[in-house]
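> Attaching a single structure in structure tokens format; questions to follow.
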Amino acid sequence: MQIQIVAVGKLKEKYLVQGIAEYAKRLAPYVKFQVVEVPDEKAPETMSEAELIGVKEREGERILAQIKSDAHVIALAIDGQLWSSEELAACLDRLGTYGTSHVVFVIGGSHGLADAVLRRAQQRLSFGRMTLPHQLMRLVLAEQIYRVVTINKGIKYHK
Numbered sequence: 002m003q004i005q006i007v008a009v010g011k012l013k014e015k016y017l018v019q020g021i022a023e024y025a026k027r028l029a030p031y032v033k034f035q036v037v038e039v040p041d042e043k044a045p046e047t048m049s050e051a052e053l054i055g056v057k058e059r060e061g062e063r064i065l066a067q068i069k070s071d072a073h074v075i076a077l078a079i080d081g082q083l084w085s086s087e088e089l090a091a092c093l094d095r096l097g098t099y100g101t102s103h104v105v106f107v108i109g110g111s112h113g114l115a116d117a118v119l120r121r122a123q124q125r126l127s128f129g130r131m132t133l134p135h136q137l138m139r140l141v142l143a144e145q146i147y148r149v150v151t152i153n154k155g156i157k158y159h160k
């Protein structure tokens, strides 16, 4: 199975880069894992609604350019479904069993995801109603992907 995270913006914080690299190393024996960064759109602090939509659309075009047509897309969105680790594991197991071997998780920029990206996604996943920095969300998601793989492979993982 191939699992990608497509995320807006370059990760600069060393501790986050190291954490994601650690989970990528742990995942390597089991799945092909990749994080793809697309440039964020430079935007002023205050924007009109039209400017905000334009920023998200330009970021969305960059995201969509990285997603293959046969990929199953799961967008991280605050209004998405709340799943346990076991439910996410079951979802990925079903996808792998029934012929979808390429799963892409999408993390938007600080302004969220474009409507076109949300329409492309087959599912929306929420990690709760709290807002987390999108950079930190990459590490949290990488950890959950590792946890899901260990669940599906029957490998013990710390509690």
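Residues 2 to 160 (the working numbering) are what the sequence shown spells out, left to right. All residues carry an ideal CB built from backbone N, CA and C; glycine is no exception.
#1: At what residue ranges does the region 74 to 155 contain a whole run of the beta strand (DSSP E), taking only runs of 3 or more?
#2: Based on DSSP bridge pairs, tell me the residues matched to I54.
#3: What are the start and end residues of the alpha helix (DSSP H) that includes K15?
#4: Out of Y99, I79 and L137, which has the shortest C-alpha to C-alpha gap to L114?
#5: Decide if R121 is buried, meaning its Cβ has at least 16 other Cβ atoms within 10 Å, or exposed.
#6: I want to know whether the region 60 to 77 touches the region 3 to 15 - three or more CB-CB distances under 8 Å.
#7: Between the C-alpha atoms of E14 and D71, what's the straight-line distance to the nearest angstrom?
#8: When you compare the CB positions of I21 and R130, do they come within less than 8 Å of one another, or not?
#9: Please determine if the region 40 to 56 and the region 93 to 104 are in contact, where contact requires at least 3 C-beta pairs separated by less than 8 Å.
#10: Taking the Cβ atom as the reference point for each residue, do H135 and G109 lie within a distance shorter than 8 Å?
#11: Where does E38 fall in DSSP's three states?
#12: Across which residues does DSSP place K43 in a beta bridge pair?
#13: Quick one: using the 10 Å Cβ neighbour count with 16 as the cut-off for buried, is L142 buried or exposed?
#14: Express the C-alpha separation of G155 and E87 in angstroms, rounding to a whole number.
#15: Between V18, Y31, K57 and L17, which lies nearest to S102 when the distance is taken from Cα to Cα?
Checking against the coordinates, here is how it stands:
#1: 103 to 108 and 124 to 127
#2: As a working mapping, residue 54 is identified with position 53 in the sequence shown. None, per the DSSP bridge assignment.
#3: Walking along the sequence shown from the start, residue 15 turns up at place 14. K15 to L28 is the extent of the alpha helix (DSSP H) around K15.
#4: Locating residue 114 in the sequence shown gives position 113, counting from the first residue. Ranking the options by Cα distance to L114, first place goes to I79.
#5: What you label residue 121 is simply residue 120 of the sequence shown in a count that begins at 1. Classification of R121: buried, given that the 10 Å Cβ count is 16 or more.
#6: yes
#7: On the sequence shown, residue 14 is found 13 positions in, with the first residue counted as 1. On the sequence shown, residue 71 is found 70 positions in, with the first residue counted as 1. Spanning the two alpha carbons is a distance of roughly 32 Å.
#8: Mapped onto the sequence shown, residue 21 falls at position 20. Mapped onto the sequence shown, residue 130 falls at position 129. Contact flag unset, no.
#9: no
#10: Along the sequence shown, one-based indexing puts residue 135 at 134. Along the sequence shown, one-based indexing puts residue 109 at 108. Yes, these two residues count as a Cβ contact at 8 Å.
#11: Taking the sequence shown and counting its residues from 1, one reaches residue 38 at position 37. In this structure, E38 counts as strand in the three-state DSSP scheme.
#12: Here residue 43 corresponds to residue number 42 of the sequence shown, with the count starting at 1. DSSP, once it has assigned bridges, lists no residue as partnering K43.
#13: Stepping through the sequence shown from its first residue, residue 142 is reached at position 141. Buried: at least 16 other Cβ atoms inside 10 Å.
#14: Here the question's residue 87 lines up with position 86 in the sequence shown. Here the question's residue 155 lines up with position 154 in the sequence shown. Distance between the alpha carbons of E87 and G155 is about 12 Å.
#15: For the purposes of this step, residue 102 is taken as residue 101 along the sequence shown, with counting starting at 1. Per the Cα distances, Y31.
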